[in-house]
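First up is the structure itself, then whatever we jot down about it.
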Amino acid sequence: MDAAAEIVSLRAQLAERAAKLATAHLLIEQYKAQLHKLRRMQFGQSSEALDTQIEQLELQLEDLEEAEAARVAATPQPRPARSPAVRKPLPVHLPREDVVYPTAEVCPNCGGTHLVKLGEDITEVLEKIPARLKVIRHVRPKSHGRILAALSGALDEERAVLCPEGPAEHGIRRVAPGVHPA
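Counting in the numbering used here, the sequence shown runs from 2 upward without gaps.
Structure representation (structure tokens):
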């Protein structure tokens with residue numbers, strides 16, 4: 002089933018449920034009005050038949066209200082979408098140390114040996130050194146084979162040659178010399 006047909010089907014189901022819900026609300030209001038009318042009549046004249054009608058309406062009304070409450074409770078509530086956490090950049094005043102990874106010698110896509118620099122991926126990791134902090138920048142140059150660039154007519158990021166992976170996405174745990182890991 003394609004997406005358009007599924008949307009139409011879901012909209013039809015939604016309209017059907019909305020109609021049933023409106024009918025149930027209307028029935029509840031109708032029972033409440035009848036109950037109110039019968040109670041007013043009850044105080045005017047005492048009758049067993051009137052009392053049984055009132056009890057029957059009260060039971061029907063109670064059943065409908067319980068069914069409505071159960072239906073509302075059974076409906077799954079959509080969870081709000083969580084946005085990914087975005088960290089603030091590390092402070093500029095901290096000293097930085099660059100670790101530059103070597104690039105590949107040969108383009109794996111075209112086999113060319115003359116690589117053109119496209120840019121860099123920089124990952125900053127905060128490393129705690131006793132009594133001081135510094136930022137280590139991991140620089141992995143991105144490059145592209147000249148032959149491939151000439152053939153494709155443009156340098157594209159998807160086919161760029163990256164050097165070996167740097168630190169893990171959430172940082173690297175390092176232990177300073179002379180410190181025992183916990």
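We treat Cβ as the ideally placed atom computed from N, Cα and C, and that holds for glycine.
- By the Cβ-count criterion, LEU15 is exposed, with fewer than 16 other Cβ atoms from all chains shown falling within 10 Å of its own Cβ.
- DSSP places GLU128 in the uninterrupted beta strand (DSSP E) bounded by 116–130.
- Here HIS94 is exposed. Its C-beta has fewer than 16 other C-beta atoms within 10 Å.
- Assigned with DSSP and collapsed to three states, ASP64 falls in helix.
- If you draw a straight line from the Cα of GLU66 to the Cα of ARG41, it comes to about 22 angstroms.
- About 6 angstroms separates the CB atoms of ALA25 and GLU69; that is less than 8 angstroms, so the two are in contact.
- Relative to VAL100, the option among GLU63, LEU91, VAL140, ARG18 whose CA is nearest is VAL140.
- A buried status is given to SER144, since no fewer than 16 other beta-carbon atoms sit within 10 Å of its beta-carbon.
- Taken through DSSP and simplified to helix, strand or coil, LEU51 comes out as helix.
- Around the beta carbon of PRO142, 16 or more other beta carbons lie within 10 angstroms, which makes this residue buried.
- Around the beta carbon of LEU116, a 10 Å sphere encloses 16 or more other beta carbons of the protein chains shown; the residue is thus reported as buried.
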